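Report on the structure given below.
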Amino acid sequence: MQIKLGLVLVLGTLLSCGQSKTTRQITMEEELLNYYKEVKHRDNPLSYSASFYSNGCSFELRVNDKYVYNYYD
1 MQIKLGLVLV LGTLLSCGQS KTTRQITMEE ELLNYYKEVK HRDNPLSYSA
51 SFYSNGCSFE LRVNDKYVYN YYD
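Heads up: the sequence shown runs through residues 1 to 73, numbered per the working numbering.
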């Protein structure tokens, strides 16, 4: 009797775990699709600017590891 009860509990637990994973995957896929729908594409490119002051210091300005400007004096 105890073996049957234990087997039923184990099977019930495994079935409930299997169902929650499927629900989680569907929810994640729906979230990604909704996020993709919310992304807004721009017609014009982004523009960034920076102002700086150097007093006797040498420097090199790079954006995303690409050379933009340097001052060696």
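Glycine residues also receive a C-beta, built at the ideal position from the N, C-alpha and C atoms. None of these values were measured; they are calculated from a predicted model.
Boundaries of the beta strand (DSSP E) around V68: K66 to Y71. Going by C-alpha positions, D73 is about 10 angstroms away from N55. In terms of Cα proximity to N64, the closest of S58, F52 and Y48 is Y48. Going by DSSP, R62 is part of the beta strand (DSSP E) stretching over F59 to V63.
Assignment of N44 by DSSP, reduced to helix, strand and coil, places it in the coil class.
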